[in-house]
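Some notes on the structure that comes next.
Protein chains in written order, with UniProt numbering: chain L, 1 to 381; chain D, 1 to 381.
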C-alpha cells in the first residue's frame, strides 16, 4: 500500500517506524495525535501544535456533528479550513461517545462526577437522569444530545457521511465499544454487529482522499479479539483501529492476542490510549498511531507531566519554588516560568495556566515519543 | 524632569506626545497599559503583548496582596521576574478595589451580578451579604478579603510598602475613590483625606526606581476637582493620576476643569478609562496614560472591538460567516480565523475563543492609539 511505508522494524520487539501519507501531509509513526475534540486543541493555536512537533490531530465526530454540525463545517470548506489546521486530521466514528452516554453509564456509578469532562459531557446531569441515553439495534444507535436533549440517530452510513462532510484525512468505521463489564454473550453480539457495520461502512464510503480504518473490538475475551482482528484485518480497510476500554495489563494482553492477525502493511491506531507507560508498551507491540485526551485534560487540572510522573501544581510546596516544572525541558513554559508562577495562575483560576500546562504536557509527550523513535532507529527498543 | 519628555504638543488640542522613562524601559505616550490584574494579561503570554506593541502593563495591588501575597512576589524576585514581563509595570494603590467592595456597593443594586468580574470579585456573594465590607477612618481602610473573608487593613503606608515589594515601575498613592452618588459633603471629606494620605505616601516611600503618582479626586464637583488638582499638582509626585468614576460627559468636563492646575511636565494617568471614544477625548485633553479592563473583559464575553463598534460573536448570523472579524485587520486572529470559527469556539465554551478575542481587541486598541499618535504628529488631531 503506497500510502503507508514501514521504514524500519525493531529487532527486539514488534515496534516499527513508518510514514503514513495522507491528503494533507505525512505522519511519521509511531505518532500521537493530540485531541482537538471540538476543532481546537484546547487553548492552543495551530502554530503551537506544529511548534511542538505534532503532525496531525484528532477531532471528535460526535461533538462536531452536534455543534456546529457537519453541514456547516462542509459549507465552510471542511475541517482543515474551519480550524485553520493544514496538516493531517483524523476523526473518530462517533461510536465511543454515543455509547459512553448510554451503555457505559452503569460503570460510572461510584465515580465522582463533579465536572465536565474533556468532551464537555455534562455528567452530573446524565447521572441524575439515570435513563439510558443510547438505544442500540442492528441498524444503528439512537441517542439524545447532551447539549439540548434532542434525539439523534447514527448508523454506519450516517457516520461515514458525517465524516465525509467533515473531511478528515483518516476516518473510522462505526463500531460499538462495549463496557469491559459486559458479559461474553453481549460482547460477542456487539462484536458481530461491529463487523456487519464495518462492511456497511466500506460499502457506503464514496469520497476519495480519506483513509478508512476498521475497528477491532471483542472486549476482554481472547477468542473474540482474535476473531475480530482476523475479520477486520481481512477487509479492504486502509488501516486498523483497536477499540475498547482497558487497563494496562489487559491492553498488553489484547495487543499480544491480536498481533498475528493484523496485516503487517497497514497502519494501526490504538484508540484513546495516552498514558506514557501504555504508549511504550503499545509501540513495542506494533502500534503506530495514538490519540488521547490525557495530556491536555491533565493540564487543565493543573497536572504537569514530568519524567518523574505527574506533578500537581496546586500543592502549597510550589508556592515559592523558583524552578521550572522540569529543569531540562526546552518547552516555552519551562523556559519562561517558575513553578511558583504556575501555582499562582492555577490558584487564581487564570486560563493562562491551562494554556502553559497544555503546551508543556504535549511537548513532553512529543519528546517521549521521539525518544522511542530514536531508540527504534538505534535498535535499542 | 528627566524621566518624562514631551516630544510634541498638538496645535489643535491639549494632546501631546511624550516619552516616559522607567526602570524597565520606555513608554511612548499616549499609551494604554493592558490590565494584568493577577500578574497575567488574561490568556496571553508576554511575547504576545510585545507583538501587539504594548510597552507596559498594569497589575492590581489589591489582588496580588491577597494572592499570592506581595511578600511571596518579593521573594521570587519581584513582579517583572514573577510574570516574566521585562518591560514597564504599573501597580494601582489598591484603593479602588478596596472601596468597590465596600462603599461602592449601594450603586450596584439593580445591576445584574451574575458572574465574576475582571477582578474575580465574587459579586453575588457580596450582594448576598449586604454588609459593608470596607470601613474607612482617617488612618486607612479595613476590609474583608473576597477570597476567604479574612480581615485586612490598608493604610497609605501599607499600600506603598506593598507596592515597593511588588516592585512595579509606576506606583500610585493610596486614595479614596468615592461614588458619583456621594454627597458634596462626603466627597469633600474623602478628598481631603486623600490629600492627607498623598502626603503620607510621599513621606513613607523609600525604594528608588519607582515613579510615584498622586491621585486627583473630587467627584463630580467642579470646585473640589480644581482644589484636588491644584493640591496634588503642587506635591513632588513624579506623575498625576486622575481617579473617579464617570460617564463620558462628566469625564470631559472634569478633565477640562483640572487641566489648568496639572503640571505640564508630569505624565498624567487617567485611571480605569478604556472606551475608544473616551480615550480619544481624554488624549485631546492632555492625558498620557490609560489602563482599563474593557478590551480584555469584553473579549472573554465574545465581544470583538471593530472600527464600527462592538461585535458580539455569539449571534447566529455569524454561524456561516467565512470572513474575519475585520477585513483590514492585520492581527493574528483576523489573519487566520473566520467569524464562523470564532462563533463556534464561543458557543462551545472553548478558551481559545477568549484568547483569540483578547488578542484582537488589544491589537485594535493599540492600532487606535497609534493612529491618534500619528495624527498628533501630523498636526491633524
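Just so you know, even glycine gets a beta-carbon here, dropped at the ideal spot from N, CA and C. It should be emphasised that the depicted structure is a prediction, and the values quoted were computed from it without experimental measurement.
Measuring only the C-alpha atoms, how far is residue i from residue j?
| i | j | result |
| --- | --- | --- |
| residue 192/L | residue 219/L | 12 Å |
| residue 274/D | residue 95/D | 19 Å |
| residue 272/L | residue 284/D | 59 Å |
| residue 221/D | residue 325/L | 54 Å |
| residue 262/L | residue 348/D | 38 Å |
| residue 71/L | residue 319/D | 11 Å |
| residue 204/L | residue 252/L | 33 Å |
| residue 9/D | residue 54/D | 22 Å |
| residue 336/D | residue 356/D | 10 Å |
| residue 312/L | residue 344/L | 12 Å |
| residue 77/L | residue 297/L | 29 Å |
| residue 294/L | residue 315/D | 33 Å |
| residue 228/L | residue 217/L | 6 Å |
| residue 184/L | residue 351/L | 45 Å |
| residue 246/D | residue 67/D | 29 Å |
| residue 143/D | residue 367/D | 39 Å |
| residue 182/L | residue 243/L | 15 Å |
| residue 268/L | residue 292/L | 15 Å |
| residue 286/L | residue 259/L | 8 Å |
| residue 340/L | residue 57/D | 20 Å |
| residue 196/L | residue 322/L | 58 Å |
| residue 169/L | residue 380/L | 32 Å |
| residue 363/L | residue 45/L | 14 Å |
| residue 83/D | residue 163/L | 43 Å |
| residue 111/D | residue 179/D | For residue 111/D, the predicted structure reports a pLDDT of 29, less than 50, and the residue's modelled location is therefore unreliable. A value from the coordinates is still provided. The straight-line gap from Cα to Cα measures roughly 15 Å. |
| residue 40/D | residue 64/D | 11 Å |
| residue 212/D | residue 370/D | 26 Å |
Measuring alpha carbon to alpha carbon, tell me which of the options ends up nearest residue i.
| i | options | result |
| --- | --- | --- |
| residue 240/L | 278/L, 307/L, 360/L and 172/L | 172/L |
| residue 237/L | 247/L, 200/L and 246/L | 200/L |
| residue 333/L | 48/L, 36/L, 40/L and 35/L | 48/L |
| residue 330/D | 98/D, 279/D, 310/D and 51/D | 51/D |
| residue 34/D | 91/D, 308/D and 375/D | 91/D |
| residue 264/L | 31/L, 346/L, 134/L and 234/L | 234/L |
| residue 79/D | 36/D, 213/D, 43/D and 42/D | 36/D |
Which residue marks the beginning of the beta strand (DSSP E) containing residue i, and which one marks its end?
| i | result |
| --- | --- |
| residue 135/D | 134-137 |
| residue 331/L | That residue, residue 331/L, is in no beta strand (DSSP E); it is neither H nor E in DSSP. |
| residue 266/D | Neither: residue 266/D is in no beta strand (DSSP E) and is coded neither H nor E. |
| residue 31/L | 31-34 |
| residue 176/L | Residue 176/L -> no beta strand (DSSP E), and no H or E assigned at all. |
| residue 310/L | 309-312 |
| residue 306/L | 303-306 |
| residue 216/D | 211-216 |
According to DSSP, is residue i part of a helix, a strand, or is it coil?
| i | result |
| --- | --- |
| residue 90/D | strand |
| residue 194/L | helix |
| residue 273/L | coil |
| residue 141/D | strand |
| residue 82/L | helix |
| residue 63/D | helix |
| residue 146/L | coil |
| residue 44/L | coil |
| residue 320/D | coil |
| residue 285/L | coil |
| residue 185/D | helix |
Kindly indicate the opening and closing residues of the alpha helix (DSSP H) around residue i.
| i | result |
| --- | --- |
| residue 22/L | Element bounds for residue 22/L: not the alpha helix (DSSP H) but the beta strand (DSSP E), 16-22. |
| residue 365/L | 351-377 |
| residue 231/L | 222-234 |
| residue 291/L | Looking at the DSSP string, residue 291/L is not in any alpha helix (DSSP H); the run it does join, the beta strand (DSSP E), is 289-292. |
| residue 161/D | 156-166 |
| residue 241/L | Segment 239-242 is the beta strand (DSSP E) holding residue 241/L; no alpha helix (DSSP H) there. |
| residue 72/D | 70-75 |
| residue 8/L | Taken as a continuous stretch (DSSP letters only), residue 8/L belongs to no alpha helix (DSSP H), being part of the beta strand (DSSP E) at 4-9. |
| residue 259/D | Looking at the DSSP string, residue 259/D is not in any alpha helix (DSSP H), and its letter there is neither H nor E. |
| residue 100/D | 95-100 |
| residue 347/L | 339-347 |
> Along the stretch 64-98 of chain D, what residues have a CB closer than 7 Å to any CB found in chain L?
Replying inline: 67, 68, 72, 75, 76, 82, 83 and 84
>> At a CB distance below 9 Å, what residues from the stretch 351-374 of chain L approach chain D? Give them in sequence order.
In response: 351, 352, 353, 354, 355 and 356
> Just by C-beta distance, which residues in the stretch 310-334 of chain D are closer than 8 Å to chain L?
Replying inline: Here the close residues are 319, 320, 322 and 332.
>> Please identify, using Cβ separations under 9 Å, the residues of the stretch 336-348 of chain D that lie next to chain L, in order along the chain.
In response: Residues are counted here when their Cβ sits less than 9 Å from a Cβ of chain L; for the stretch 336-348 of chain D these are 336, 337, 338, 340, 341, 343, 344, 345, 347 and 348, given in chain order.
> Using Cβ-Cβ distances below 8 Å, what residues of the stretch 285-311 of chain D are close to chain L?
Replying inline: none
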